[in-house]
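Going line by line, the protein sequences match chains R and U. With our numbering applied, the first sequence corresponds to residues 1 to 118, in that order. With our numbering applied, the second sequence corresponds to residues 1001 to 1108, in that order. Even for Gly, the Cβ is constructed at its ideal location relative to N, Cα and C. Every value quoted in this text rests on a predicted model; they were computed, and no experiment measured them.
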Amino acid sequence: DAGVTQSPTHLIKTRGQQVTLRCSPKSGHDTVSWYQQALGQGPQFIFQYYEEEERQRGNFPDRFSGHQFPNYSSELNVNALLLGDSALYLCASSWRLASGGVRTDTQYFGPGTRLTVL
Amino acid sequence: QQPVQSPQAVILREGEDAVINCSSSKALYSVHWYRQKHGEAPVFLMILLKGGEQKGHEKISASFNEKKQQSSLYLTASQLSYSGTYFCGTKVDDKIIFGKGTRLHILP
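Written as structure tokens, this is what we have:
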């Protein structure tokens, strides 16, 4: 059973550029959440996708956008990169309803994409 | 809304016990505990869904005091493999907000 996968592993960009990060959820999961983790900090919630729509959003500017595809995979796009965008970007997947109809919020994280903005 | 974790860091010798606390100024509906090793993704430990619930995972257990709006993670007879940063997360409006983490270092 494949876990959450993310690509690429590492990325180096310069200020002003745009970047796209990708995430494939764990098998059977339908919800994808994105987090930004700065060095020495906890993961900060960016947004969550379910049924191909953004359902929740954290305190991040519109430069951060995303998409979810019919196969539940997701992309995170960041435009006009700033030095402060350098961080580990984590994708976490979960499922809205277990087979028994009980909602669960357990999230499983992918290995992350390390973004460095120069 | 971000939960507050204490202590910020702990250094233990192998075999010693530790307690990590997580508190919130708002009502807690669920508490999620994760461990992250350096350079790796956070790994799910357990979720507590209601007040008074206690759970265990190997020698790691947790409690959830809904009235006090806090949860505690207990590490018993710590092993070298327990080293890492522990995060608690609380559910707010259908999203999980994580604390800043507690760094745990186990010495042999």
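Same chain only: Cβ atoms within 8 Å of residue i, ignoring 5 sequence neighbours per side
i	result
residue 37 of chain R	43, 44, 87, 88, 89, 90, 112
residue 5 of chain R	23, 24, 110, 111
residue 3 of chain R	26, 108, 110
residue 11 of chain R	19, 21, 113, 114, 115, 116
residue 70 of chain R	52
Limits of the unbroken beta strand (DSSP E) element including residue i
i	result
residue 1006 of chain U	1004 to 1006
residue 1105 of chain U	1102 to 1107
residue 1079 of chain U	First-last for residue 1079 of chain U: undefined, no H or E at that position.
residue 1021 of chain U	1018 to 1023
residue 1010 of chain U	1009 to 1013
residue 19 of chain R	19 to 24
residue 1029 of chain U	Counting along the chain, residue 1029 of chain U falls outside any beta strand (DSSP E), and DSSP gives it neither H nor E.
residue 5 of chain R	5 to 7
Selected residue, minimal CA-CA separation from residue i, among the options
i	options	result
residue 1103 of chain U	U:1082, U:1096, U:1092	U:1082
residue 1043 of chain U	R:66, R:30, R:56, R:93	R:93
residue 1058 of chain U	U:1046, U:1003, U:1098, U:1107	U:1046
residue 1094 of chain U	U:1070, U:1025, U:1060, U:1029	U:1029
residue 1090 of chain U	U:1079, U:1075, U:1060, U:1050	U:1050
residue 1034 of chain U	U:1014, U:1022, U:1065	U:1022
residue 1108 of chain U	U:1074, U:1005, U:1004, U:1015	U:1015
residue 1061 of chain U	U:1077, U:1027, U:1005	U:1077
residue 74 of chain R	R:46, R:11, R:52	R:52
residue 77 of chain R	R:33, R:19, R:9	R:19
residue 1048 of chain U	U:1008, U:1007, U:1101, U:1065	U:1065
Any C-beta of chain B under 8 Å from that of residue i
i	result
residue 1097 of chain U	Looking at the structure shown, chain B is missing, and the protein chains on hand are R and U.
Residue i and residue j closer than 8 Å at C-beta
i	j	result
residue 1096 of chain U	residue 107 of chain R	yes
residue 57 of chain R	residue 80 of chain R	no
residue 1075 of chain U	residue 1017 of chain U	yes
Counterpart residues of residue i in DSSP-defined beta bridges
i	result
residue 67 of chain R	R:75
residue 95 of chain R	DSSP output for residue 95 of chain R lists no bridge partner at all.
residue 49 of chain R	R:32, R:54
residue 1092 of chain U	U:1095
residue 13 of chain R	R:117
residue 1084 of chain U	U:1104
residue 44 of chain R	R:36
residue 1001 of chain U	Paired residues: none, contrary to the question.
residue 60 of chain R	Answer is none; residue 60 of chain R lacks a bridge partner.
6 Å CB neighbourhood of residue i in its chain, flanking five on each side removed
i	result
residue 1105 of chain U	1011, 1083
residue 1037 of chain U	1084
residue 55 of chain R	48
Near the ligand NAD: residue i beta-carbon under 7 Å from a heavy atom
i	result
residue 4 of chain R	No copy of the ligand NAD occurs in the structure displayed, which carries no ligand at all.
Chain-order list of residues whose beta-carbon lies under 7 Å from that of residue i (same chain, five-residue window excluded)
i	result
residue 1002 of chain U	1097, 1099
residue 96 of chain R	30, 31, 50, 103
residue 83 of chain R	15, 117
residue 99 of chain R	With a pLDDT of only 47 at residue 99 of chain R, under 50, the local geometry of the prediction cannot be trusted, and the value read off the model is given with reservation. Cβ within range, chain order: n/a, list empty.
residue 101 of chain R	Model confidence at residue 101 of chain R stands at a pLDDT of 45, short of 50, so the residue's coordinates are unreliable and nothing is read from them.
residue 17 of chain R	81
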